[in-house]
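Undergrad: The structure that follows is given in the form of structure tokens.
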Amino acid sequence: MNQNFQNHQIFDLEIPDFSDLKLTAVSPKYLKIILLNIALFSIFLVGIVSIAFYFFYFDLSEIQFWAIIIGVFVIIAFLFLNTLIGFKFRKYAIREHDLVYQHGWLKRTLMIVPFNRIQHIKVEQGWFSKILQLKSVSVFTAGVNGGDLTINGLPEEVAEGINNHIRGSILKENREDGGENA
Numbered sequence: 004m005n006q007n008f009q010n011h012q013i014f015d016l017e018i019p020d021f022s023d024l025k026l027t028a029v030s031p032k033y034l035k036i037i038l039l040n041i042a043l044f045s046i047f048l049v050g051i052v053s054i055a056f057y058f059f060y061f062d063l064s065e066i067q068f069w070a071i072i073i074g075v076f077v078i079i080a081f082l083f084l085n086t087l088i089g090f091k092f093r094k095y096a097i098r099e100h101d102l103v104y105q106h107g108w109l110k111r112t113l114m115i116v117p118f119n120r121i122q123h124i125k126v127e128q129g130w131f132s133k134i135l136q137l138k139s140v141s142v143f144t145a146g147v148n149g150g151d152l153t154i155n156g157l158p159e160e161v162a163e164g165i166n167n168h169i170r171g172s173i174l175k176e177n178r179e180d181g182g183e184n185a
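Here the sequence shown stands for residues 4 to 185, where the numbers follow the working numbering.
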């Protein structure tokens, strides 16, 4: 058996430059939905802690009592601040062949999903989103780990436009490749 396998390193890579990519922020109305969710969670958290204090107050020292109160306050404050600061980093772009989404301020994530890897698309709208006329677009790929992408807080017409553009691009590519006219 001849072992003539070679795996040379490639130095001349053409890595795309994303510095000139124009990202669009999600709708500012979506911040209301996030803040409502955090407020509901905060009320639930305070309720649970209050119930726990009612039943176990006599077993706590004063230091433990104040540590729990301060801890709950810090958690709630962090959730609100994280949301307010991080919201400005929620941006997206639709390019000719892919969908780009950026989010996070402590850990910045930039996801790029090529249209030819998308298996299906889902457009959703919750009850509060319906009031604010917002939708979410989710794309699902064949990738197992982190290939799926959801962009929340899009105006209804933008979400439908993205859906139609991606579907049209996929159909066009299938026709050019001699695939089905699905």
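For glycine and all other residues, C-beta sits at the position ideal for the given N, C-alpha and C. Keep in mind that this is a model prediction, so the values were computed, not measured.
(1) Here's the rule: buried if 16 or more other CB atoms are within 10 angstroms of the residue's CB, otherwise exposed. What is Gly-107?
(2) Please go through the region 105-179 and give each complete beta strand (DSSP E) segment of 3 or more residues, from N-terminal end onward.
(3) Counting along the chain, where does the beta strand (DSSP E) carrying Lys-94 start and finish?
(4) So does the region 128-145 actually touch the region 51-69, counting three or more Cβ pairs closer than 8 Å?
(5) Excluding the 5 residues flanking Ile-37 on each side, which residues of the same chain have their C-beta closer than 6 Å to its C-beta?
(6) For Val-92, which residues of its own chain have a beta-carbon under 8 Å away from its beta-carbon, when the five flanking residues on both sides are left out?
(7) At 4 residues or longer, what runs of the alpha helix (DSSP H) sit wholly inside the region 48-105?
(8) Measuring alpha carbon to alpha carbon, tell me which residue in Glu-127, Pro-117, Lys-94 and Glu-160 is nearest Asp-169.
(9) Measuring only the C-alpha atoms, how far is Asp-151 from Phe-143?
(10) Is the region 75-83 touching the region 36-53 in the sense that three or more CB pairs, one from each, lie closer than 8 Å?
(11) Using CA coordinates, which residue listed in Ser-53, Ile-124, Ala-42 and Ala-145 is at the minimum distance from Leu-84?
(12) Which residues in the same chain have their Cβ closer than 6 Å to the Cβ of Phe-8, if we skip the five residues on either side of it in sequence?
TA: So, from the listed chains and residues:
(1) The residue given as residue 107 occupies position 104 in the sequence shown. Exposed: under 16 other Cβ atoms inside 10 Å.
(2) 112-117, 121-127, 137-144 and 152-158
(3) Mapped onto the sequence shown, residue 94 falls at position 91. Note, Lys-94: beta strand (DSSP E), 94-97.
(4) no
(5) In the sequence shown, counting from the first residue as 1, residue 37 sits at position 34. Thr-86.
(6) Residue 92 sits at position 89 when you count from the first residue of the sequence shown. Here residue 92 turns out to be Phe, not Val, going by the sequence shown. So the qualifying residues of the chain are Gln-105, His-106, Gly-107, Trp-108 and Arg-111.
(7) 65-89
(8) Counting from one through the sequence shown, the residue named residue 169 turns up at place 166. The residue you asked about is not Asp; residue 169 is Ile in the sequence shown. For Ile-169, the nearest C-alpha among the options comes from Pro-117.
(9) The residue labelled residue 151 in the question sits at position 148 within the sequence shown. The residue labelled residue 143 in the question sits at position 140 within the sequence shown. C-alpha separation (whole angstroms): 5 Å.
(10) yes
(11) Residue mapping note: residue 84 aligns to position 81 of the sequence shown, counting from 1. Closest by alpha carbon: Ala-42.
(12) Within the sequence shown, the letter at position 5 stands for residue 8. Closer than 6 Å at Cβ, skipping near neighbours: no residue.
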